[in-house]
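Enquirer:
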Amino acid sequence: MTKFTSVKKIILPFLIFTLSVSVFTFQSCKKKRSPMANVLFKKTHNKIFKDFTSEDFSEVFKSVLDSEKAKVTHPDIISNYYEHNEYKPEFVIEHVFNNELLTAVNYFQKADEHGLDSAMFQPAKIRALVNKFHAKNGIKTLNEAYHDMAELEIISANSLINYSNALQYGVINPKKIFKRYFMATKQPDSLFMTRVFNIRNMQAYLDSVQPKNPQYIALQKALISGTLAPGKTQEETKRILLVNMERLRWRNKPYQNKYVIVNIPDYILNVMDSGRSVLKMKVCVGEGRNKNNENTLLNYNDTAKEDKPFRKETPQLNSVIHSVDVNPVWNIPQSIATKEIIVEEAKDKYYLSNKGIDVYNDGKLVDDPEDIDWSKVSKDSPYEFKQKPGADNSLGKIKFLFDNESSVYLHDTPAKSAFLKAARDVSHGCVRLEQPQALALNLFGAESEKYKTIAQDMSEDNPDPTTIYLSKKVPVYITYVTCWADENDTLQFRQDVYGLDIVVYDHLQKFIHPQTN
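Take any residue in the sequence shown, count from 1 to its spot, add 452: that is its number in this note's numbering.
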């Protein structure tokens with residue numbers, strides 16, 4: 453064997469080994485094809501998807517998301533989801549090729565049935581992008597595929613979140629438009645919004661978010677069929693329906709089996725138990741700013757667009773009735789004292805004594821208030837006024853107490869004639885009851901010792917004040933609704949005495965179907 457032959461035998465295997473390693477290393481450096489590449493190619497039969505990689509798609513997705521953030525309602529929710537799920541295009545993979553995104557488009561296009569503008573949910577844009585993936589040559593380059601997939605993902609997520617939120621929570625937050633609104637009102641949270649990423653059956657999901665409240669369905673049917681309210685034009689009727697449908701979408705409704713509810717525009721209190729009214733009575737509520745219906749939903753001026761409550765208006769609120777004061781003392785609010793009590797006393801120096809009103813100065817009882825020259829007392833006077841129990845007491849024989857920020861309550865009244873009026877917005881903010889003892893009977897129970905005490909004390913003249921606590925607190929809701937379906941499915945309409953329909957409608961305009969403008 454020659455020396456050359458030996459060297460050849462050594463070098464040749466080495467070259468083969470080196471070449472094999474180089475080829476292996478080169479192949480290893482190439483980006484691995486994503487499993488989605490096979491899925492997308494199989495579904496589209498578009499060969500550009502053979503070179504699809506998750507890494508490249510993620511980079512494009514981040515770029516598109518960054519540019520679309522200003523147009524997205526909840527960018528943080530959407531960004532966080534995709535960041536934690538490797539930017540997987542959920543909607544493209546799960547809902548494009550089985551036409552479920554087109555099902556969503558069909559629902560979005562019917563948003564006018566809820567009085568909402570379908571353009572908010574971009575059905576035309578979604579349909580156009582979906583059709584590109586279905587068309588044989590709809591997408592011509594890989595970069596175009598990455599961009600369109602990212603855009604479709606973001607728009608689909610945004611639209612489904614917005615649609616779900618609108619139907620389940622409303623498009624307006626009442627706490628942001630009303631000055632005297634103290635009702636617990638839920639808003640959509642991240643848990644609710646991220647449900648859209650786990651949809652398995654699009655139609656079942658979209659059916660699940662449709663409002664099921666019979667009241668909502670009744671108003672929706674009226675909107676679709678063009679119902680006309682008595683004495684109203686077609687357009688004004690539409691606006692009334694739209695405003696009250698939005699109210700029904702707010703998550704501020706009673707959930708308890710038993711509760712007391714007052715509807716301000718109806719001037720009515722109901723005690724509801726297991727879905728039916730077990731006690732109904734007239735009430736008087738606080739005086740409103742729109743008493744003579746100067747502003748309507750059809751014609752209103754700029755000053756009516758924002759909520760500017762009249763000082764005597766009853767607030768919207770929810771709380772729990774925890775106790776009653778029988779034969780209560782009335783601690784007269786300073787606003788009433790300066791505008792009414794002092795004025796009357798200046799005219800008649802025996803007004804205070806005739807009404808059973810005591811005067812206090814720095815907490816001490818004033819012995820001879822008639823000796824004071826009330827015509828010279830300013831509104832910043834140090835005097836406080838309290839009305840003793842008795843026939844003339846403005847709170848009557850009983851008041852029902854519940855915690856609230858406006859210091860209002862339900863109470864009896866000696867001014868019974870007000871209940872004969874159709875429009876009963878005559879109080880200073882509290883709710884006057886037509887049948888206060890009937891409410892006490894319902895809440896405490898006829899056989900309870902507490903109710904027997906209440907009945908006895910209310911029948912006596914000038915007894916001492918007594919506070920009696922409910923063994924089981926009862927929820928109370930003071931609401932504002934101007935249109936609803938009664939027990940006979942007949943639509944009832946009431947005057948917008950506080951002008952709150954106008955406030956809601958003015959904020960609602962940018963969300964509603966163009967034909968209703």
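In this text, a Cβ means the ideal position worked out from N, Cα and C, and glycines have one as well.
How would you write the range of the beta strand (DSSP E) that glutamine 662 sits in, first residue to last?
Expert: Element bounds for glutamine 662: n/a, residue is neither H nor E.
Enquirer: Taking the Cβ atom as the reference point for each residue, do tyrosine 835 and asparagine 806 lie within a distance shorter than 9 Å?
Expert: No, the pair does not count as a contact, with Cβ atoms beyond the cut-off.
Enquirer: Look at the Cβ atom of phenylalanine 634, then the Cβ atom of proline 767, and state whether they are nearer than 9 Å.
Expert: The answer is yes: Cβ separation under 9 Å.
Enquirer: Since serine 879 sits in a beta bridge, which residues does DSSP pair it with?
Expert: Answer by DSSP bridge pairing, in chain order: Gly738.
Enquirer: For lysine 421, does the three-state DSSP call read helix, strand or coil?
Expert: Here the chain has residues from 453 to 969 only, and residue 421 is not among them.
Enquirer: Provide the residue(s) that pair with asparagine 770 in DSSP beta bridges, ordered along the chain.
Expert: DSSP output for asparagine 770 lists Tyr929 as bridge partner(s).
Enquirer: Applying the criterion that 16 or more other CB atoms from any shown protein chain within 10 Å of the CB defines a buried residue, is proline 761 buried or exposed?
Expert: Buried, because 16 or more other Cβ atoms sit within 10 Å of the Cβ of proline 761.
Enquirer: Looking at the secondary structure, which residues open and close the alpha helix (DSSP H) in which lysine 495 lies?
Expert: Run containing lysine 495: 487-496, per the alpha helix (DSSP H) assignment.
Enquirer: I need the DSSP call for tryptophan 826, collapsed to helix, strand or coil.
Expert: Reduced to three states, the DSSP call for tryptophan 826 is helix.
Enquirer: Answer yes or no: do leucine 891 and phenylalanine 852 have a C-beta to C-beta separation smaller than 9 Å?
Expert: Contact flag set, yes.
Enquirer: Compare the C-alpha of isoleucine 784 against each of Ser642, Lys801, Asp810 and name the closest.
Expert: The shortest Cα separation from isoleucine 784 among Ser642, Lys801, Asp810 belongs to Asp810.
Enquirer: Going by DSSP in three states, asparagine 779 sits in which element: helix, strand or coil?
Expert: Looking at asparagine 779 - three-state DSSP - the assignment turns out to be coil, as it is neither helix nor strand.
Enquirer: Skipping 5 residues on each side, what residues in its chain have a beta carbon closer than 8 Å to that of isoleucine 964?
Expert: Correct list, in chain order: Gly567, Leu568, Asp569, Leu694.
Enquirer: The ligand NAP heavy atoms versus the CB of leucine 750: any closer than 8 Å?
Expert: In terms of ligand content, the structure shown is empty, and the ligand NAP therefore cannot be addressed.
Enquirer: Taking all protein chains shown into account, decide if alanine 443 is buried (16 or more other Cβ within 10 angstroms of its Cβ) or exposed.
Expert: For the chain, the structure presents residues 453 to 969; residue 443 sits outside this window and is missing.
Enquirer: Specify whether the segment 918-933 and the segment 768-788 touch according to this definition: at least 3 beta carbon pairs, one from each stretch, less than 8 Å apart.
Expert: Judged by Cβ distances under 8 Å, the segment 918-933 makes contact with the segment 768-788, as three or more pairs qualify.
Enquirer: Extract the residue ranges of the beta strand (DSSP E) inside the segment 671-717, only unbroken runs of 3 or more that lie entirely within it.
Expert: Here the runs fully enclosed are 710-715.
Enquirer: Which residue wins for smallest C-alpha separation from lysine 868, given the options Gly590, Pro888, Gln944?
Expert: Measuring from the Cα of lysine 868, the nearest candidate turns out to be Pro888.
Enquirer: So, for valine 648: in the same chain, excluding its five sequence neighbours on each side, which residues have a beta-carbon less than 7 Å away from its beta-carbon?
Expert: Here the set comprises Ala609, Leu612, Ile613, Ser616.
Enquirer: Using only alpha-carbon positions, find the residue among Asn779, Val778, Val795, Tyr921 that is nearest to glutamine 786.
Expert: Of Asn779, Val778, Val795, Tyr921, the residue nearest in Cα terms is Val795.
Enquirer: Would you list the residues sitting across from glutamate 596 in a DSSP beta bridge?
Expert: Bridge partners of glutamate 596: none, in fact.
Enquirer: Can you give me the Cβ contacts of glycine 740 inside the same chain, cut-off strictly under 7 Å, excluding the 5 residues immediately before and after it?
Expert: Taken in chain order, the residues that qualify are Phe762, Glu765, Asp877, Val949, Tyr950.
Enquirer: Curious, which full-length beta strand (DSSP E) runs of at least 3 residues does the segment 542-575 contain?
Expert: Counting only runs of 3 or more, we get nothing.
Enquirer: Would you mind giving the Cβ-Cβ distance between methionine 488 and isoleucine 545, rounded to the nearest angstrom? I have them listed as a contact below 8 Å.
Expert: Yes, methionine 488 and isoleucine 545 are in contact; Cβ-Cβ is about 7 Å, under 8 Å.
Enquirer: So, do the segment 913-921 and the segment 749-758 have three or more beta carbon pairs nearer to each other than 8 Å?
Expert: They do not touch, by the three-pair rule.
Enquirer: Roughly how far, in whole angstroms, is the beta-carbon of aspartate 759 from the beta-carbon of lysine 628, given that I think they are within contact range, below 8 Å?
Expert: At roughly 10 Å, the Cβ-Cβ gap does not stay under 8 Å, so aspartate 759 and lysine 628 are not in contact.
Enquirer: Could you round the C-beta distance between leucine 952 and tyrosine 921 to whole angstroms and report it? I think they count as a contact, below 8 Å.
Expert: No, leucine 952 and tyrosine 921 are not in contact; Cβ-Cβ is about 34 Å, not under 8 Å.
Enquirer: Alpha carbon to alpha carbon, how far is glutamate 542 from phenylalanine 466? Give it in angstroms, no decimals.
Expert: A caution first: phenylalanine 466 carries a pLDDT of 49, below 50, which makes its placement in the model unreliable, though a value can still be read off. Between phenylalanine 466 and glutamate 542, the C-alpha separation is close to 49 Å.
Enquirer: On the three-state DSSP scale, how would you describe glutamate 758?
Expert: In this structure, glutamate 758 counts as coil in the three-state DSSP scheme.
Enquirer: Skipping 5 residues on each side, what residues in its chain have a beta carbon closer than 6 Å to that of glutamate 857?
Expert: Phe634, listed in sequence order.
Enquirer: Residues in the same chain with beta-carbon distance under 6 Å from valine 860, minus the five sequence neighbours each way, listed in chain order, please.
Expert: Same-chain partners within the cutoff: Gly881, Cys882.
Enquirer: For glutamine 944, name the three-state secondary structure that DSSP assigns.
Expert: Reduced to three states, the DSSP call for glutamine 944 is strand.
Enquirer: Given a cut-off of 9 Å on the beta-carbon distance, is the pair phenylalanine 549 and threonine 496 in contact?
Expert: Cβ atoms of phenylalanine 549 and threonine 496: closer than 9 Å.
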